[in-house]
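Participant:
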Amino acid sequence: MKLKPIIPCLILFNTSAYAQSLVDHKNGNNPVDNAPLERMVVTGTRTELAQSQSPVSIDVISGAQLQQVSHGTLASALNFIPGVVTKRNEKDGYTVQMQGFDGDHVLVLLDSQPLISPTGSSVDLDQISVLNIERIEVLRGAASVLYGSSAMGGVINVITRKQSQNSGKFRYQASSYTQNAIDSSDVAGLYQLDIKQNIMGWQGSVSAQKIDDPGFDYDENTFAQSAPSTDKSFVNLGLAKDFSDIHLALKTRYFSDEKIKLRYAIPGQAGDISYLSDVEQWQYDVNVSKSQIWKVNGRYLQHDETSGDSNGLRDAEITLAEIDSQYQWQLGSTALVSGLILHRDELYQIKQGSSPDVTGTIEVDDQSRDSVEAYTQASWLYGDHELVAGVRVQNDSDFGVHSAARLNGLFTLNNDKNDLWQLRVGAGQSYRVPTLKERFYVFDHSNLGYMVLGNDELDPETALSGNVELSYHGSVTRLFGANNTPNAYPRLSLRANLHYAKAQDFINTVTDVEASAQTGLLISRYENVDQTYMKGADLSLKLSWQKVDYQLSYSYLHATDGDDNYLADRPTHQIKSNLNWQLPFDINALAYVVYETGEHPSSTQLGIEKDDWLSVNVSVNQHINDQWQWNAGIDNLFDEHQDSDAIAQGLLDVRPLSSQRVFVGVSYQFY
């Protein structure tokens, strides 16, 4: 394990953090007395409760933190969360991994409901705006009982802000890719507008965001461009009103994204070949609820996309419709939450003809699937202990009845809330239903000698998993036995989590020998073939006091297939560290480090160029007064990025397709 590059950064973070704790102590500051109120979370149980009382461990990142570590979308922001791995996909979007499960097996939700997955079942994080987000809750581990298909590796739940006060804010941020800029004058722009206004008893909201990014290029002497230029627009409209104890909310969201990236030129032919992507998406939400008793949420999503190389574009129309109802009730001493979900997916995809006069090739012929899902989860309290058991049944239009069950427990090991030890355990089932693309896809590249075909006889993927987590919430002094000290400083949180999963019927492409022999082409089909084993550990430490918050985390993963071969594209070791420091004059400074190592090459890669990478990021912001605020920073301080030549040679280079980025911004709160 190569840790030398990160050690100086961690020593610096730890030394700075501890030094500030001594200063606070000498000045008589008692951080425990000034401790923030505990966060409320909903993802672990689908009911609102304090984070420390959730029987399922939940990580939270606030909206303020998101604005500090992102550039308008979730693409880079989730790198801030311990144990979460972000990856760039073939469409220059971003997906996520948790506990060894890739983006197809991690469910990304917006207000507890699913989003469109343009590449299959992996949601593109670069298509989710950070504007108007209150917090993100991250559940690591299986959660199919409460959230259904794809929640095998975990759930990322984006919770939007509910605000009744009138407000208006505008923000602008400029950034440059420094030495990797395509043109020295290129500047990326981020524009945000957020308005909240009460009108005749209705809480109205309008938010808009535009991202204009020129992209970057590692080598100006080559034709190919490293990262695309992008033009993204987000618009959110909302109305909400309380009718006695009934709450009604209406939301409309619009998103568009245009990308272009030079790829190559064909000798002897006019015109260059570029990767193009043009996306337009509309989302409509209706939410009706009565306090914490019942709620009904409806969502309709329409996603239209044209993408691919300029000489082989594809048109896709993706539709998602869902009605999600939930009811909380009490049966004696047992608290229950039950839900019923009606869900529909539709997909149509066609490869454009070589000219307007040539008919295109249909790759997915207007296919759809429907499902009816029901779940119940029961909770029993025994003093400070809690036992939670749940079951979910899904009746799919193509796969029939499928079910999953899970048991979780929270055990409080002592009675001192200022020196709290807790044990969380969980075990159960999870699953993923094959996507419409995996079942009905016809990817015809006969002119190049191969085809990829869907398989309508696929079975759902399944997994058995378990986890054990020990956590401590208190202070450094109390942890080491100084229970009578008047100043319990600094606040301390420790967590150690062990996880294991055995998954089977994983879907992959395999060669159809018989069809290949008959056609003379290389025919591949989606099949249930893979069995995987994933085990690992997540360790984290948090120190908090009046002016400093420090976090250090380490994640270990051992992931193999049924033949004991390592799974590719997954880091064995991950270290994350961040220091948030409140300085004089209302200045806030943030530095965070991400280090990953130990990825294994795939069967198609010829060797290893580099199997570890380090990213150091710093930012600072200041509230000048109640209206004005500014921020500045540098992402990827040492410009760590992959070697394009090594990738072209078929070598493994785990460094991300990234660039050093210098940014500065200003915001104005106009009421």
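Position one of the sequence shown corresponds to residue 11 (the working numbering), numbered consecutively onward.
Every residue gets a Cβ at the ideal spot worked out from N, C-alpha and C, and that includes glycine.
For the alpha helix (DSSP H) that contains residue 447, what are its first and last residues?
Facilitator: Here the alpha helix (DSSP H) through residue 447 covers 446-450.
Participant: Since I believe residue 84 is in contact with residue 138 (beta carbons under 8 Å), could you give me their beta-carbon distance rounded to a whole number of angstroms?
Facilitator: 5 Å
Participant: In chain order, what residues of the same chain have a beta carbon less than 8 Å from the beta carbon of residue 654, not counting five sequence neighbours either side?
Facilitator: 228, 229, 232, 234, 236
Participant: Using the DSSP secondary-structure output, state which residues sit across from residue 304 in a beta bridge.
Facilitator: 300, 337
Participant: Whether or not the segment 333-343 and the segment 416-423 are in contact is what I'm after, with contact meaning three or more pairs of Cβ atoms, one per stretch, closer than 8 Å; do they touch?
Facilitator: The segment 416-423 is not in contact with the segment 333-343.
Participant: Taking the straight line between their C-alpha atoms, what separation do you get for residue 668 and residue 105?
Facilitator: 15 Å
Participant: Do residue 605 and residue 627 have their beta-carbon atoms positioned less than 7 Å apart in this structure?
Facilitator: no
Participant: Buried or exposed for residue 189, please, with buried defined as at least 16 other CB atoms from any protein chain shown within 10 angstroms of its CB.
Facilitator: exposed
Participant: Helix, strand or coil for residue 265, going by three-state DSSP, please let me know.
Facilitator: Correct three-state label for residue 265: strand.
Participant: Given 8 Å as the limit, is there contact between the segment 89-104 and the segment 456-471, that is, 3 or more CB pairs closer than that?
Facilitator: no
Participant: At a cut of 8 Å, does the segment 271-288 reach the segment 297-305 through at least three beta carbon pairs?
Facilitator: no
Participant: List the endpoints of the continuous beta strand (DSSP E) containing residue 618.
Facilitator: 617-620
Participant: Using a Cβ-Cβ cut-off of 7 Å (strictly less than) and excluding sequence neighbours within five positions of residue 682, which residues of its own chain qualify?
Facilitator: Since the first and last residues shown for the chain are 11 and 681, residue 682 lies out of range.
Participant: Excluding the 5 residues preceding and the 5 following residue 326 in the sequence, name in chain order all residues of the same chain whose CB lies nearer than 6 Å to its CB.
Facilitator: 315, 359
Participant: Counting C-beta neighbours from all protein chains within 10 Å, is the total for residue 58 16 or more, i.e. buried, or is it exposed?
Facilitator: exposed
Participant: Assuming residue 635 contacts residue 67 under a Cβ cut-off of 8 Å, what Cβ separation, rounded to an integer in Å, is found between them?
Facilitator: 40 Å between Cβ atoms; not a contact.
Participant: What does the alpha-carbon distance come out to for the pair residue 633 and residue 330?
Facilitator: 41 Å
Participant: Please report the distance separating the alpha-carbon of residue 650 from that of residue 623.
Facilitator: 7 Å
Participant: Please state whether DSSP places residue 675 in a helix, a strand or coil.
Facilitator: strand
Participant: Quick one: what does DSSP say residue 95 is sitting in, helix, strand or coil?
Facilitator: Strand, per DSSP.
Participant: Using CA atoms only, rank isn't needed, just tell me which of 540, 77, 116, 355 is closest to residue 93.
Facilitator: For the residues 540, 77, 116, 355, the minimum Cα distance to residue 93 belongs to 116.
Participant: Using the rule of at least 16 other Cβ atoms within 10 Å of the residue's Cβ for burial, across every protein chain shown, is residue 111 buried or exposed?
Facilitator: Its Cβ being crowded by 16 or more others within 10 Å, residue 111 is buried.
Participant: First and last residue of the alpha helix (DSSP H) that includes residue 438?
Facilitator: Where residue 438 is concerned, there is no enclosing alpha helix (DSSP H), although the beta strand (DSSP E) it sits in stretches over 430-442.
Participant: Could you pull out every unbroken beta strand (DSSP E) segment of at least 3 residues lying fully inside the segment 337-414, listed in chain order?
Facilitator: You should have 344-361, 371-392, 395-406.
Participant: Spell out the partners DSSP gives residue 327 in its beta bridges.
Facilitator: DSSP, once it has assigned bridges, lists 314, 358 as partnering residue 327.
Participant: From the DSSP output, in three-state form, read off residue 680 for me.
Facilitator: Note: residue 680 maps to coil in three-state DSSP.
Participant: For residue 605, which beta-bridge partners are listed by DSSP?
Facilitator: 585, 624
Participant: Whole angstroms are fine: how far does the CA of residue 368 sit from the CA of residue 119?
Facilitator: 40 Å
Participant: According to the neighbour-count rule (16 or more other Cβ atoms, all chains shown, within 10 Å of its Cβ), is residue 456 buried or exposed?
Facilitator: exposed
Participant: Can you say whether residue 527 is buried or exposed, counting buried as having 16 or more other CB atoms within 10 angstroms of its CB?
Facilitator: exposed
Participant: May I have a chain-ordered list of the beta strand (DSSP E) segments no shorter than 3 residues that lie completely inside the segment 80-163?
Facilitator: 94-98, 104-108, 116-120, 143-150
Participant: Please go through the same chain and pick out, in chain order, the residues whose beta-carbon is closer than 6 Å to the beta-carbon of residue 313, but skip the five residues on each side of it.
Facilitator: 126, 291, 328
Participant: Taking the C-alpha atoms as reference points, what is the distance between residue 564 and residue 150?
Facilitator: 14 Å
Participant: Taking DSSP's pairing of strands, which residues face residue 416 in a bridge?
Facilitator: According to DSSP, residue 416 bridges with 400, 438.
Participant: Quick check on residue 488: does DSSP put it in helix, strand or coil?
Facilitator: helix
Participant: What residue does the alpha helix (DSSP H) around residue 524 start on, and which one ends it?
Facilitator: Unbroken alpha helix (DSSP H) run through residue 524: 523-529.
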